[in-house]
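In what follows, a structure is listed as structure tokens, so that the remarks can point back to it.
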Amino acid sequence: MNTFTLEIFDDEGRQCTFYTVRWEEADVSETNRFFEKYENESNFEKPIQELAVFLTKKIGNDVGAQKDFFRFENAAQALPPSGRYKVGEITINYGDFPLRLYCLRISDNLVVLFNGGEKTAESAQGGTTSMAFHEANLFAKRILTALQAREIYITPDERGFRSVDDAEEIFL
1 MNTFTLEIFD DEGRQCTFYT VRWEEADVSE TNRFFEKYEN ESNFEKPIQE
51 LAVFLTKKIG NDVGAQKDFF RFENAAQALP PSGRYKVGEI TINYGDFPLR
101 LYCLRISDNL VVLFNGGEKT AESAQGGTTS MAFHEANLFA KRILTALQAR
151 EIYITPDERG FRSVDDAEEI FL
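Just so we're aligned, residue 1 is where the sequence shown starts under the UniProt record's numbering, counting upward by one.
Shown next, in the form of structure tokens:
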């Protein structure tokens, strides 16, 4: 069965908490798989660092998960945002950025990160991002359905998820 768990990825930011998903049979979350895939490749060392800084500093600490930061990809969204963003000494320019990280923006304070890939085609459905794109939309639809069905809920501080039995470990 295609069961996955929803788990905290980073809750250290002042503005936003990041969750991730992990297939039940997997040892590593989808977001960790993304970062591990590219962190040691010299072509992607700089972009992966820029994306990590954008997530932790800009979204996590400074301003939260503003809608303008996310590009809609069916039920899911993608990072980096369109345009050009400066975070400290790092500038992310969407037009030149070689990677896509899929996610689900719940609110300014809560984002679920999925997996991604190298952008090798004009559309998300094409190229090396195809599988990550399809999985991201599957994850997003299941999370949104679970929220609508009240199988899971957003915590009162709007920075986390809980299941109806108040368990921290959430299987979907």
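Backbone N, C-alpha and C define an ideal beta-carbon position, used for all residues, glycine too.
Quick caveat, the model's predicted, so the values are computed rather than measured.
Can you have a look at residue i and say buried or exposed, based on whether 16 or more other CB atoms are within 10 angstroms of its CB?
i: Phe-72; result: exposed
i: Val-164; result: exposed
i: Val-21; result: buried
i: Pro-81; result: buried
i: residue 176; result: With the chain represented from 1 up to 172, any question about residue 176 goes unanswered, as that position is not in the structure.
i: Ser-42; result: exposed
i: Glu-12; result: exposed
i: Glu-30; result: buried
Could you round the C-beta distance between residue i and residue j to whole angstroms and report it? I think they count as a contact, below 8 Å.
i: Phe-18; j: Leu-104; result: Not confirmed; about 11 Å, so no contact.
i: Lys-141; j: Ala-75; result: 5 Å
i: Ala-146; j: Leu-110; result: Contact flag wrong, Cβ pair sits at about 14 Å.
Please state whether DSSP places residue i in a helix, a strand or coil.
i: Ser-163; result: strand
i: Val-112; result: strand
i: Ala-76; result: strand
i: Gly-117; result: strand
i: Thr-3; result: coil
i: Arg-142; result: helix
i: Asp-10; result: strand
i: Leu-51; result: helix
i: Thr-129; result: helix
i: Phe-18; result: strand
i: Arg-100; result: strand
i: Ser-29; result: coil
i: Phe-70; result: coil
When the Cα atoms are used, what is the spatial distance from residue i to residue j?
i: Pro-98; j: Phe-54; result: 15 Å
i: Glu-45; j: Ile-106; result: 29 Å
i: Asn-61; j: Ala-121; result: 32 Å
i: residue 217; j: Asp-157; result: Because the chain is modelled from 1 through 172, residue 217 falls outside the range shown and cannot be assessed.
i: Gln-66; j: Gln-15; result: 10 Å
i: Asp-27; j: Arg-33; result: 10 Å
i: Glu-118; j: Arg-100; result: 6 Å
i: Leu-6; j: Asp-96; result: 31 Å
i: Asn-137; j: Phe-70; result: 14 Å
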